[in-house]
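Encoded as structure tokens, the structure appears first; notes follow it.
Protein chains in written order, with the working numbering: chain A, 1 to 117; chain B, 1001 to 1112.
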């Protein structure tokens, strides 16, 4: 089946503008994650959705960042009033959902490269 | 928090076996250890996962000692296409959430 897809693949915006990034998870995956990866750095966790539970927003760096997910499908990450430090690759991942043993596997999309001028 | 530590970089010649060790001293009882591979401009890709002892698949082997405070990813006979960043990952159950903690990654360079 199809993997995780993200759009757009690249986004260039001006400082102060809002941007919206989209993630389409693998069908049937109840868990969805957003990560941020700055150039040459590791992945930073941003937010996690699991089914209809309240999302874990503990990784969002500021209130300019928000994300939504409709049921167990598409998710949108919104960054308001973008700043130059928001420039990074934003990665989405989905999984079948965590078991109590934590042995779930995440499948990543190709990412959206955001450049804030 | 379950934090991981890996070497920043490693070099290897083609055809050699490469072992990358990750330390995770605060790993929780129910945590699994997962390794991902990332090529430039791509999202990470799952390689292997284990809980204890040894796990082997068609790509790699994962060795986990009894105390589970470390793990070693073993790549047999690497080729140039194995040049990538390798991430060690453990579930961060201590934070009361399902957040997964990525290590900083090990940049493996395979030399002809």
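Note that beta-carbon positions come from the ideal geometry of N, C-alpha and C, so glycine has one too.
From this set, 1051/B, 1084/B, 1105/B, which residue's C-alpha is nearest residue 993/B's C-alpha?
In the structure displayed, chain B extends from 1001 to 1112; residue 993/B sits before or after that span and is not available.
Just tell me which of 1073/B, 1006/B, 1090/B has its CA closest to the CA of residue 1030/B.
1090/B
Taking C-beta to C-beta, are residue 1105/B and residue 111/A nearer than 8 Å?
Not closer than 8 Å, so no.
Could you run through the region 52 to 74 of chain A and flag, in chain order, every residue whose CB is less than 9 Å away from some CB of chain B?
Result list: 56, 58, 59.
Nonlocal neighbours in the same chain, by C-beta distance under 6 Å from residue 106/A, ignoring five residues either side
Within the same chain, residue 106/A has close Cβ partners 93, 95.
Given a cut-off of 8 Å, decide if residue 36/A and residue 64/A are closer than it, judged by their beta-carbon atoms.
Their beta carbons are not under 8 Å apart, which means residue 64/A does not touch residue 36/A by this criterion.
Can you check DSSP and say which residues form a bridge with residue 13/A?
116/A
Three-state secondary structure assigned by DSSP to residue 68/A:
strand
Confirm, please, whether the CB-CB distance from residue 46/A to residue 59/A is below 8 Å.
Going by C-beta atoms, residue 59/A is nearer than 8 Å to residue 46/A.
DSSP three-state call for residue 95/A: helix, strand or coil?
Looking at residue 95/A - three-state DSSP - the assignment turns out to be strand.
DSSP state of residue 1011/B, grouped into three classes?
strand
Interface residues of chain B facing residue 43/A [CB-CB closer than 8 Å]:
1044, 1087, 1102
Below 9 Å on C-beta distance, what does residue 105/A contact in chain B?
1034, 1046, 1049
Here's a check: name, in chain order, each residue in its chain whose Cβ is nearer than 6 Å to the Cβ of residue 12/A, leaving out the five neighbours to either side.
Exclusion of the five residues before and after residue 12/A leaves 115 as the residues of its chain whose Cβ lies within less than 6 Å of its Cβ.
Taking the alpha-carbon of residue 16/A as reference, which of 3/A, 44/A, 87/A, 25/A has the nearest alpha-carbon?
When only C-alpha atoms are compared, the closest one is 87/A.
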